[in-house]
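*Asks:* Position 115 (the sequence shown) corresponds to 95 in the working numbering; numbering is contiguous.
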Amino acid sequence: MNSRRGLTPERFVALVDEFRQKITRERFVARLTEVKQDELIDLVKLQAEVRARYFMTVLDLVQPNLADIEGKVEEARFYREMAEEIALGVQAVATAVLAKEIPVPGLDHGDEMSAELEKALQDFIKRSDEGDWEY
């Protein structure tokens, strides 16, 4: 039995996730300088506005003098699809902010990946490439 202690699979997965966060953040910052808190708030407001338009359009379907029901249904579908897409976007952005993938000025994002963790991940990858890893 080998007494050498290496990186556990659980720790490796944690390191990979931390590395994913770091890389995603770097790629995001390379494309956008920053995301302001006001922009995220505006996105949530847009989501609420589009949902309200959807509800209003759906409720218009019961108007007794509605001449173009097919057009109104199409309009409702348009707002529903838009609201769903924006909701997915809001959730994705919120998840990315919580995962520290998207930097937002004014929020404490904590430390970047420590040098120790980065070295451990690189050592693990090197040993794996050399076939020197035991599970």
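For glycine and all other residues, C-beta sits at the position ideal for the given N, C-alpha and C.
How many Å lie between D18 and K2 at the Cα?
*Replies:* The straight-line gap from Cα to Cα measures roughly 24 angstroms.
*Asks:* Please list, in chain order, all residues of the same chain as E81 whose beta carbon is under 7 angstroms from its beta carbon, the five residues on each side excluded.
*Replies:* These residues qualify, in order along the chain: Q1, T4, R5, F8.
*Asks:* Would the beta-carbon of Q27 be found less than 6 angstroms away from any heavy atom of the ligand FAD?
*Replies:* Absent from the structure shown: the ligand FAD. Ligands present: none.
*Asks:* Given this structure, state the Cα-to-Cα distance separating P44 from E29, to the nearest angstrom.
*Replies:* Roughly 25 angstroms separates the two Cα atoms.
*Asks:* Are the stretch 56 to 73 and the stretch 31 to 38 touching by the rule of at least three beta carbon pairs closer than 8 angstroms?
*Replies:* The answer is yes - the stretch 31 to 38 touches the stretch 56 to 73, with three or more Cβ pairs under 8 angstroms.
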